[in-house]
Amino acid sequence: MYPFNVGNASAGVVPNVALAGKPITFTATYTSPKNIAPTRTEIDIDGVPYTMQRIGGTSYKTGVTYSVSISTLFVGVHYHRYIFDDGSGPATYESTSSPQVTPLLLSSSSVNPTSGTSSTVYTFQTTYTDVNGEAPAQSLL
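Numbering of the sequence shown is given in this note's numbering, commencing with residue 1 and proceeding in unit increments.
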């Protein structure tokens, strides 16, 4: 048991899916019942350490938020964990999310109407974004 906490409930990844070259922001909130500042604020992404910077809060007793944005992750799914230390020894907090970097992204997808009969005409739409700005070669429904 460590004298401080960095819980998954207060940790986040935004966005969880991103285009290659676009930033993904990792955030965690550190709390210390003794109001002790951390000496190490790190996130390990695929084995590479990054120092997290304080972005909010001043009381370690109620929680101080740390963050880092990375835009150099390769295409694929990424493992990460948070490592914090208040001088009493490092604690590692495994993340429950795995951000994904992709060469293309489908967003704002919808169907109208959302229900009907076998004779109802439906309209499907989505926004396609390619990391190189290219149009899709084909689309299938």
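For glycine and all other residues, C-beta sits at the position ideal for the given N, C-alpha and C.
Exposed unless 16 or more other CB atoms sit within 10 angstroms - verdict on residue i
| i | result |
| --- | --- |
| N16 | exposed |
| D130 | exposed |
| F26 | buried |
| P49 | exposed |
| V75 | exposed |
| S32 | buried |
Three-state secondary structure (DSSP) of residue i
| i | result |
| --- | --- |
| H78 | coil |
| L19 | strand |
| Y60 | coil |
| Y122 | coil |
Alpha carbon of residue i to alpha carbon of residue j, nearest angstrom
| i | j | result |
| --- | --- | --- |
| N35 | T58 | 10 Å |
| H80 | A135 | 32 Å |
| L73 | G56 | 25 Å |
| G116 | S110 | 15 Å |
| A9 | S118 | Note that A9 scores a pLDDT of 46, beneath 50, so its modelled location is shaky; the value from the coordinates is reported in the next line. Taking the straight line from one Cα to the other gives about 44 Å. |
| Y93 | V121 | 49 Å |
| D44 | R54 | 17 Å |
| S98 | P113 | 33 Å |
| T41 | S95 | 15 Å |
Minimum C-alpha distance to residue i - residue among the options
| i | options | result |
| --- | --- | --- |
| Q140 | V131, N132, T126 | According to the sequence displayed, residue 140 carries Leu and not Gln. The residue with the shortest Cα to Cα distance from L140 is T126. |
| S88 | T65, G12, P38 | P38 |
| M52 | V111, K61, Y30 | Y30 |
| V77 | Q138, A137, A20, S119 | A20 |
| P23 | G47, S67, P113, S32 | S67 |
| A18 | A28, I70, T65 | I70 |
Any non-hydrogen atom of the ligand NAP within 7 Å of residue i CB
| i | result |
| --- | --- |
| G87 | Ligands are entirely absent from the displayed structure, and the ligand NAP is therefore not among its contents. |
Those residues which DSSP pairs with residue i across a bridge
| i | result |
| --- | --- |
| L73 | Answer is none; L73 lacks a bridge partner. |
| T29 | T65 |
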